[in-house]
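Protein chains in written order, with this note's numbering: chain A, 1 to 266; chain B, 1001 to 1390.
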Amino acid sequence: MKIIVCVKQVPDTSGKVAVNPDGTLDRASMQTITNPDDLNAVEAALTLKDETGCKVVVVTMGPPPAEGMLREILARGADEAVLVSGREFGGSDTYATSQILAAAINRIGVEQGDIIMCGRQAIDGDTAQVGPQIAEKLNIPQVTYAADIKLEGETITVQRMLEDGYMTIKVQTPCLVTCIKELNEPRYMSIPGIFECYDKPMSVFDYETLKDDPLIDPTTIGLKGSPTNILTSFTPPQKGAGMMLPGAEKADCETLAGLLAAKHII
Amino acid sequence: MDFTLSKQHQLLRDMYRQFAETEVKPLAEAVDEEERFPVETVEKLARYGFMGIPFPKKYGGAGGDVLAYAMAVEELSKVCGTTGVIVSAHTSLCCAPIYENGTEEQKMKYLPKLLSGEWIGAFGLTEPGAGTDASGQQTTAVLEGDHYVLNGTKIFITNAGYAHVYIIFAMTDKKLGNKGISAFIVEKDFPGFSVGKKEKKMGIRGSATCELIMENCIVPKENLLGKEGKGFGIAMKTLDGGRIGIASQALGIGEGAVEETIKYVQERKQFGKRLSQMQNTQFQLADMHTRMQAAQFLVYSAAMKKQAFTEAALAGKKAPSYSMDAAMAKLFAAEAASDVTRRAVQLFGGYGYTREYPVERMMRDAKITEIYEGTSEVQRMVIASNLGVK
C-alpha cells in the first residue's frame, strides 16, 4: 500500500497580492506556501502511514524552486517526492495539469490498495477541479470533500462534508480522495525530519520522462493544450454592508417582509 | 566566512518559529502567572524532537548539531523563557554529560528515553555552600560493595521534580578537594532520593527550581559517570556547553523583547505621532537590535565550535577548546538581554510595567541569565584566564 499526495505551491495570499498587467498573478514577487488544503491531504496520508507503515509519495507540478516545498513535506514525514517540471508543462490550466499529474502518477504506479490524496482546492485558482480530473483520467473512483477517512482492508470509508450534512461512502482502492481542512490538524515538520529531508529520494519528471504516456500529447498540455483562456481578471466590487434587523416581534417581521418584497425577493 | 544558514537550519528556524508562536506563546503568560511547569508543552516538544536535538539517531536523538539546538532554545525563549530553559537544562546539563562521558551501556540505558523526551533530565551541582565556588561540595558518596551511598543537599535545581534522571556531583574523597569529586547518574526513584522545597523566583517562574535531598541514597556502582575523582572536570565541561544553552535563552529573550517593542511602537501614539516616528524610539531600537545581533553571532559561533570540539573528542582527536567562546557568548548575550528588556519596558512606558504586556516578564526572565550556569563574573574569570591574564 502506498499513498500518493498531490500538492501545489501557491502564493501566500495572507501577504500582499501582486497582479501582472495582463491580469495574471505576479507569482515571482509573492511569498509562496504549500496550499493549505494540500497539507490536510499530507496529514491524512501521514496518519495512515503512522497506522500502517505505508509509503507516502508526494507529487507536485511546478518550477524547480518547488523542490523547497517538497523537502518541507519530506521533513513532515513523507518518504519520497516527485517534482514534475518542464517548460512544456508551463501555463497549463486544470485540464492540462490533471493530464500531466495523472501521467506522473501512472509513472509512479498505482496498485490495488493505493490511495491518491489531494487538497480540495488551491487558494490561488479555487477551482477544485484538478483532483477529480486526475481520478477521471486514471479511471479510478473519487471521493471529494473528505472530513474523515477510515481504512478497512482494501476499502476506505470516507465521510464527505457537504453544505447541508454528511455523506458516508465506502470505496474500493485504488481511489482518489480530496481533503478539506476539517479532516485534521496538519503536523509540523519534525526536527529529525528536517535533518533527513535532503537525503530522501526526490525524482524530477520532465517532458522526456512522461512523453510516452498516452495522456501526454502536446495538444493537451501546457498553455497551448489548455482550453481555459483568461480574458481579463479584476477585483470584484466589495459587497455593501449588510443590514441588521433586531427583534422577533410581529412588527419586525413585517419590516423584514416589506424590505424583501421591495427587492422582489418574495 | 559564510554567515548564511544551511537549508536545514533555515527550515529548522521556520519550524521552531511556527511551533513557538502556536504552541508556546499562548501559554507563556499563564505559565509565568501560575508558576506552572508546562507539562503539555514538554510532551509536544518531545513529539517533534526538541528534547534530543544535538545527538545521533543511534541513541534516539534528532541527528542534529549544537547550532540547531541553540537556535531551538533561542526561538522558544523569544516567546517563553521558561520553556527555553527546560530544554536547555535537559539537553546541556543531563543528556550531554551522559553522551560525552558515559559508557556505552549508560548511553544505551539512559539516552533513548531522555532524547525522546519520555524522561526529562536535570543536573545537581550547586549546594547551599557551593555556588560559584563549586569545589566546596559537601555531598558525599561512599562506595559500599556494589553501590555508592550518597548524602547531601543540592539547591536551585532546574527541572527538579519533573526530571527522571539527575547528574549529581558528590565527594568520593574529601581529602583530594576538586580531585575528590565524582559524578553520578541518579534516577528519581533511587532509595533515599527526594525533591525538597520549590523556590519562589523573580523570573522563569514556570521552570521548576527545587532542592534535592539525598539521605543514604543508594546509587548502583555502574551509575558512576566517568571515573571516580573526575567529576569536577565533567561539571566544568558540562557547564561550558550549558552556557551555550543559556546564552541562547538570553538571546531569545532579548530578541523577543525587540520584536514586541517594534510592534508596540508602531501602534502607540503620543503627541499625535506614533512612538516609532520619534527619534529616541528609533535610536533605542537600533541599539537594541544591534546588541542582539552581535549576541547572536557570538552564540552561533560558540555553538559551531562546540560541535567541532565534540565531534573531534568523540573521534579521539584534539580540537580547540570552546570554553572561552561559550563564556563570551553567555556574558554578552545575558547582559544584552537584561539591557534590552529593560529598555523595552521603558519604551512601553506604564503599560510595559503591567503584566498585560510580555516585556516585564521578559525583563524578569532575562536577569537569571546573568546568574545561573556561571554568573557574568565567572564568565569574565574564564575569559581572562583564557587570555592568560592571571
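Don't be surprised by glycine CBs; every beta carbon is placed ideally from N, CA and C.
Per-residue contacts from residue i into chain B (C-beta, under 7 Å)
| i | result |
| --- | --- |
| residue 208 (chain A) | None at all; the shortest Cβ gap to chain B is about 27 Å. |
| residue 72 (chain A) | 1011 |
| residue 75 (chain A) | 1011 |
Range covered by the alpha helix (DSSP H) that runs through residue i
| i | result |
| --- | --- |
| residue 1326 (chain B) | 1323 to 1348 |
| residue 130 (chain A) | 130 to 138 |
| residue 160 (chain A) | Here residue 160 (chain A) belongs to no alpha helix (DSSP H); instead the beta strand (DSSP E) covers 155 to 162. |
| residue 1377 (chain B) | 1376 to 1386 |
| residue 100 (chain A) | 94 to 108 |
| residue 1245 (chain B) | 1231 to 1267 |
| residue 1085 (chain B) | 1081 to 1088 |
| residue 1301 (chain B) | 1279 to 1314 |
| residue 170 (chain A) | Unbroken run through residue 170 (chain A) is the beta strand (DSSP E), 165 to 172; no alpha helix (DSSP H). |
| residue 1008 (chain B) | 1007 to 1019 |
| residue 42 (chain A) | 36 to 52 |
| residue 1097 (chain B) | 1096 to 1101 |
| residue 1041 (chain B) | 1039 to 1047 |
| residue 1031 (chain B) | 1025 to 1033 |
| residue 1112 (chain B) | 1104 to 1115 |
Boundaries (first-last residue) of the beta strand (DSSP E) holding residue i
| i | result |
| --- | --- |
| residue 1209 (chain B) | 1209 to 1220 |
| residue 1155 (chain B) | 1147 to 1158 |
| residue 1171 (chain B) | 1165 to 1171 |
| residue 151 (chain A) | 142 to 152 |
| residue 195 (chain A) | Unbroken run through residue 195 (chain A) is the alpha helix (DSSP H), 191 to 196; no beta strand (DSSP E). |
| residue 1140 (chain B) | 1140 to 1144 |
| residue 176 (chain A) | 175 to 179 |
| residue 1121 (chain B) | 1121 to 1124 |
| residue 1359 (chain B) | Premise fails: residue 1359 (chain B) lies in the alpha helix (DSSP H), 1359 to 1368, not in any beta strand (DSSP E). |
Rounded Cβ spacing between residue i and residue j (contact assumed at less than 8 Å)
| i | j | result |
| --- | --- | --- |
| residue 1430 (chain B) | residue 1259 (chain B) | In the structure as shown, chain B begins at 1001 and stops at 1390. Residue 1430 (chain B) is therefore absent and cannot be evaluated. |
| residue 1121 (chain B) | residue 1080 (chain B) | No, residue 1121 (chain B) and residue 1080 (chain B) are not in contact; Cβ-Cβ is about 19 Å, not under 8 Å. |
| residue 121 (chain A) | residue 37 (chain A) | 6 Å |
| residue 1192 (chain B) | residue 1214 (chain B) | 6 Å |
| residue 1169 (chain B) | residue 1115 (chain B) | About 22 Å; that fails the 8 Å criterion. |
| residue 1251 (chain B) | residue 1288 (chain B) | That belief does not hold up - the Cβ atoms of residue 1251 (chain B) and residue 1288 (chain B) are roughly 13 Å apart, past 8 Å. |
| residue 1248 (chain B) | residue 1359 (chain B) | Contact flag wrong, Cβ pair sits at about 20 Å. |
| residue 9 (chain A) | residue 66 (chain A) | 5 Å |
| residue 1239 (chain B) | residue 1157 (chain B) | Not really, about 14 Å apart at Cβ, beyond 8 Å. |
| residue 1219 (chain B) | residue 1148 (chain B) | 5 Å |
| residue 1217 (chain B) | residue 1190 (chain B) | 6 Å |
| residue 1327 (chain B) | residue 1379 (chain B) | 4 Å |
| residue 204 (chain A) | residue 85 (chain A) | 6 Å |
Proximal chain A residues relative to residue i, where beta-carbon distance stays under 7 Å
| i | result |
| --- | --- |
| residue 1048 (chain B) | 188, 190, 191 |
| residue 1053 (chain B) | 191 |
| residue 1007 (chain B) | 198 |
| residue 1063 (chain B) | 192, 195 |
| residue 1015 (chain B) | 188, 189, 194 |
Partners in chain A for residue i, counting only beta-carbon separations shorter than 8 Å
| i | result |
| --- | --- |
| residue 1306 (chain B) | By Cβ distance, chain A contributes nothing, its closest Cβ being about 18 Å from residue 1306 (chain B), past 8 Å. |
| residue 1057 (chain B) | 192 |
Under 9 Å by beta carbon: chain A residues contacting residue i
| i | result |
| --- | --- |
| residue 1245 (chain B) | The premise fails here: residue 1245 (chain B) is roughly 16 Å from chain A at the closest Cβ pair, so nothing lies under 9 Å. |
- Quick one: which residues of the stretch 188 to 202 of chain A get their C-beta closer than 7 Å to a C-beta of chain B? List them in chain order. Within the stretch 188 to 202 of chain A, the residues whose Cβ lies closer than 7 Å to some Cβ of chain B are 188, 189, 190, 191, 192, 194, 195, 198, listed in chain order.
- Message: So, does the stretch 1055 to 1068 of chain B touch the stretch 179 to 186 of chain A, judging by three or more C-beta pairs under 8 Å?
- Response: Output reads no: the stretch 179 to 186 of chain A does not touch the stretch 1055 to 1068 of chain B.
- Contact set between the stretch 1256 to 1269 of chain B and chain A, restricted to residues whose Cβ is under 9 Å from the partner: Residues passing the 9 Å Cβ filter: none.
- Please determine if the stretch 1365 to 1380 of chain B and the stretch 1345 to 1356 of chain B are in contact, where contact requires at least 3 C-beta pairs separated by less than 8 Å. Segment contact: the stretch 1365 to 1380 of chain B against the stretch 1345 to 1356 of chain B, fewer than three CB-CB distances shorter than 8 Å; contact not assigned.
- Message: At a CB distance below 8 Å, what residues from the stretch 1205 to 1221 of chain B approach chain A? Give them in sequence order.
- Response: Close to chain A, meaning a Cβ-Cβ distance shorter than 8 Å, is no residue of the stretch 1205 to 1221 of chain B at all.
- Residues of the stretch 1088 to 1102 of chain B with a CB closer than 9 Å to any CB of chain A: list them in chain order, please. For the stretch 1088 to 1102 of chain B, the beta-carbon criterion of a distance under 9 Å to any beta-carbon of chain A is satisfied by none of its residues.
- Give, in chain order, every residue of the stretch 1017 to 1047 of chain B whose Cβ lies closer than 7 Å to some Cβ of chain A. For the stretch 1017 to 1047 of chain B, the beta-carbon criterion of a distance under 7 Å to any beta-carbon of chain A is satisfied by 1018, 1019.
- Query: Taking three-plus beta-carbon pairs below 8 Å as touching, is the stretch 1006 to 1017 of chain B in contact with the stretch 55 to 75 of chain A?
  - Reply: Segments in contact, yes.
- Item | Given 8 Å, three or more beta-carbon pairs between the stretch 135 to 146 of chain A and the stretch 57 to 64 of chain A | In the pairwise beta carbon analysis, the stretch 135 to 146 of chain A is classified as not touching the stretch 57 to 64 of chain A: fewer than three pairs are separated by under 8 Å.
- With a cut-off of 8 Å, do at least 3 Cβ pairs link the stretch 93 to 109 of chain A to the stretch 194 to 213 of chain A? Three or more beta-carbon pairs drawn from the stretch 93 to 109 of chain A and the stretch 194 to 213 of chain A are found closer than 8 Å, and the two stretches are therefore classed as touching.
- Message: Under 8 Å, with one C-beta from each stretch per pair, do the stretch 1163 to 1183 of chain B and the stretch 1323 to 1336 of chain B reach the 3-pair mark?
- Response: The count of Cβ pairs closer than 8 Å, one atom from the stretch 1163 to 1183 of chain B and one from the stretch 1323 to 1336 of chain B, stays below three, leaving the stretches out of contact.
- Mind the definition here: the stretch 194 to 206 of chain A touches the stretch 157 to 166 of chain A only if three or more C-beta pairs lie below 8 Å; say whether that holds. By the Cβ criterion, the stretch 194 to 206 of chain A is not in contact with the stretch 157 to 166 of chain A, since fewer than three pairs of Cβ atoms, one from each stretch, lie closer than 8 Å.
- Counting Cβ pairs closer than 8 Å, one from the stretch 14 to 34 of chain A and one from the stretch 168 to 178 of chain A, do we hit at least three? No contact exists between the stretch 14 to 34 of chain A and the stretch 168 to 178 of chain A.
- Message: I want to know whether the stretch 1261 to 1269 of chain B touches the stretch 1086 to 1093 of chain B - three or more CB-CB distances under 8 Å.
- Response: No, the stretch 1261 to 1269 of chain B is not in contact with the stretch 1086 to 1093 of chain B.
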